[in-house]
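S.K.:
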Amino acid sequence: MATPRRSLTNISQIPDQSILVTSITSVIQRLNPQNPSPKNISSQPLDQFSLCLGSNIVTKVIYEQTNPYHALFFFNWASNPNPNPNKYHHTTPCYTAITDVLLSHSLISIAASLLKNSNKLSDFFISKLIKAYGDRGNVKAAIFWFHQAKQIENGACLYSYNSLLGVLVRVNSIKLAEEFFHQIVKENVVPPDVSTYTTMIRGYCKMGMIENAKKVFDVMTVKPNLLAYNTMINGFCKK
Numbered sequence: 001m002a003t004p005r006r007s008l009t010n011i012s013q014i015p016d017q018s019i020l021v022t023s024i025t026s027v028i029q030r031l032n033p034q035n036p037s038p039k040n041i042s043s044q045p046l047d048q049f050s051l052c053l054g055s056n057i058v059t060k061v062i063y064e065q066t067n068p069y070h071a072l073f074f075f076n077w078a079s080n081p082n083p084n085p086n087k088y089h090h091t092t093p094c095y096t097a098i099t100d101v102l103l104s105h106s107l108i109s110i111a112a113s114l115l116k117n118s119n120k121l122s123d124f125f126i127s128k129l130i131k132a133y134g135d136r137g138n139v140k141a142a143i144f145w146f147h148q149a150k151q152i153e154n155g156a157c158l159y160s161y162n163s164l165l166g167v168l169v170r171v172n173s174i175k176l177a178e179e180f181f182h183q184i185v186k187e188n189v190v191p192p193d194v195s196t197y198t199t200m201i202r203g204y205c206k207m208g209m210i211e212n213a214k215k216v217f218d219v220m221t222v223k224p225n226l227l228a229y230n231t232m233i234n235g236f237c238k239k
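Numbering follows the UniProt record's numbering, with no gaps: position 33 of the sequence shown is 33.
1) In chain order, what are the residue ranges of uninterrupted alpha helix (DSSP H) at least 4 long that sit wholly in the stretch 14–43?
2) Which ranges would you report for the alpha helix (DSSP H) in the UniProt repeat "PPR" (157–191) if only whole runs of at least 4 residues count?
3) Spatial neighbours of P85 within its chain, please: C-beta separation below 8 Å, excluding the five flanking residues on both sides.
4) With E64 as the anchor, note down where its alpha helix (DSSP H) starts and where it stops.
5) Of the residues H90, T91, L72, K223, which one's Cα is nearest the Cα of I110?
6) What are the uninterrupted segments assigned as beta strand (DSSP E) that are 3 or more residues long and contained completely in the stretch 83–149, given in chain order?
7) Figure out for me which residue from P45, P93, T99 has the closest Cα to the Cα of P81.
8) So for G203, helix, strand or coil by DSSP?
9) Once DSSP output is grouped into helix, strand and coil, what is the label at M232?
10) Confirm, please, whether the CB-CB distance from G134 to Y88 is below 8 Å.
11) Does the Cβ of residue 267 have 16 or more other Cβ atoms within 10 Å, making it buried, or fewer, making it exposed?
12) Following the continuous alpha helix (DSSP H) through D218, name the residue where it begins and the one where it ends.
13) Give the straight-line distance between the Cα atoms of P191 and N117, rounded to the nearest whole angstrom.
14) Give every residue of the same chain whose Cβ lies closer than 7 Å to the Cβ of N225, excluding the five residues on either side of it in the sequence, and list them in chain order.
15) Cα separation between N154 and F124?
16) Between I126 and I174, what straight-line distance do the alpha-carbon atoms span, to the nearest angstrom?
17) Alpha carbon to alpha carbon, how far is S160 from F180? Give it in angstroms, no decimals.
18) Which of the three DSSP states, helix, strand or coil, is assigned to T221?
19) Using the beta-carbon count (16 or more within 10 Å), is V222 buried or exposed?
20) So the alpha helix (DSSP H) L72 belongs to, where does it begin and stop?
21) Where does D193 sit, in a helix, a strand or coil, going by DSSP?
22) Is the separation between the beta-carbon of K131 and that of V167 shorter than 8 Å?
23) For T3 and F146, what's the separation of their Cα atoms in angstroms?
24) Helix or strand or just coil, what does DSSP make of R5?
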């Protein structure tokens, strides 16, 4: 005869967080989903953990998963747990965690769809998509998502600007990076920050264009930090 599944029925039964994360992970591994929409796999075994749900626990469980589909399965279950005595709902750190895990496994389209369907496409999250596409060498897709961010945020998308500049500098497209940088300054919707300037300085130095780098350094409208100084100094040393 099968042993009845024990569930957590009150707060006093909730174990230490590390034990809880291990227990949840163990259940997910037994279920072993292997695609974004697994068929014939019930999430019911996870229902015993409904009482324990909180942003911190959910985030830890997601990051604990080595299989991105395990993380996604848990995230989807926790999006609408049954029962839901604590009226749990995902917070920004939870969306950050699942996005990070999916992108780390190059599941960019899945991450983008999740964010879109959850109405979470923002400058912050789109900047992650831009970097992910850039890491794969897909500059066209990175630029596409930059324009999406610009439209969604009415131009106030500094995270996405900085992410795109980083992508372009990494692939030595300094002229294109320069165009986007000048666009930020000209439109004046969102002021460049120290990261914006430092990325351009690094790009110019990388291409041996030290005078251009120095000009950017000199016109910075924010106080340079240690990284900005070191980037400029390294450029001079390589001159």
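Using N, Cα and C, we set each Cβ at its ideal position, and we do this for glycine too. Given the structure is predicted, the values throughout are model-derived calculations rather than measurements.
M.R.: The short version:
1) Segments of the alpha helix (DSSP H) lying fully in the stretch 14–43: 17–31.
2) 158–170, 174–187
3) Here the question's residue 85 lines up with position 85 in the sequence shown. Only S50, L51 meet the Cβ criterion.
4) Position 64 of the sequence shown holds residue 64. For E64, the enclosing alpha helix (DSSP H) begins and ends at 55–64.
5) Start at 1 with the first residue of the sequence shown, and residue 110 comes out as number 110. For the residues H90, T91, L72, K223, the minimum Cα distance to I110 belongs to L72.
6) none
7) The count along the sequence shown starts at 1 and reaches residue 81 at position 81. Out of P45, P93, T99, P45 has the C-alpha closest to the C-alpha of P81.
8) Here the question's residue 203 lines up with position 203 in the sequence shown. Note: G203 maps to helix in three-state DSSP.
9) In the sequence shown, counting from the first residue as 1, residue 232 sits at position 232. Helix.
10) Mapped onto the sequence shown, residue 88 falls at position 88. Mapped onto the sequence shown, residue 134 falls at position 134. No.
11) The structure shown does not extend to residue 267, since the chain spans only 1 to 239, so no value can be given for it.
12) The count along the sequence shown starts at 1 and reaches residue 218 at position 218. From DSSP, the alpha helix (DSSP H) with D218 extends over 210–218.
13) By 1-based counting over the sequence shown, the position of residue 191 is 191. By 1-based counting over the sequence shown, the position of residue 117 is 117. Cα to Cα, the separation comes out at about 30 Å.
14) Position 225 of the sequence shown, counted from the first residue, corresponds to residue 225. The answer, listed in chain order, is V194.
15) Looking up residue 154 in the sequence shown gives position 154. Looking up residue 124 in the sequence shown gives position 124. The straight-line gap from Cα to Cα measures roughly 14 Å.
16) Numbered from 1 along the sequence shown, position 126 holds the residue referred to as residue 126. Numbered from 1 along the sequence shown, position 174 holds the residue referred to as residue 174. Cα to Cα, I126 sits roughly 22 Å from I174.
17) For this step, residue 180 is matched to residue 180 along the sequence shown. For this step, residue 160 is matched to residue 160 along the sequence shown. About 11 Å.
18) For the purposes of this step, residue 221 is taken as residue 221 along the sequence shown, with counting starting at 1. Coil.
19) Against the sequence shown, residue 222 aligns to sequence position 222. With fewer than 16 Cβ atoms within 10 Å of its Cβ, V222 is classed as exposed.
20) Taking the first residue of the sequence shown as 1, we reach residue 72 at position 72. Run containing L72: 68–79, per the alpha helix (DSSP H) assignment.
21) Here residue 193 refers to the residue found at position 193 when the sequence shown is read from its first residue. D193 falls in the coil class under three-state DSSP.
22) Residue mapping note: residue 131 aligns to position 131 of the sequence shown, counting from 1. Residue mapping note: residue 167 aligns to position 167 of the sequence shown, counting from 1. It is a contact, given that the beta carbons lie within the stated cut-off.
23) Sequence index remark: in the sequence shown, residue 3 carries index 3 (1-based). Sequence index remark: in the sequence shown, residue 146 carries index 146 (1-based). Note that T3 scores a pLDDT of 40, beneath 50, so its modelled location is shaky and nothing firm can be said.
24) Counting from 1 along the sequence shown, the entry for residue 5 is found at position 5. Only weak support is given to the placement of R5: the predicted model assigns it a pLDDT of 48, under 50, and the question is left unresolved by the model.
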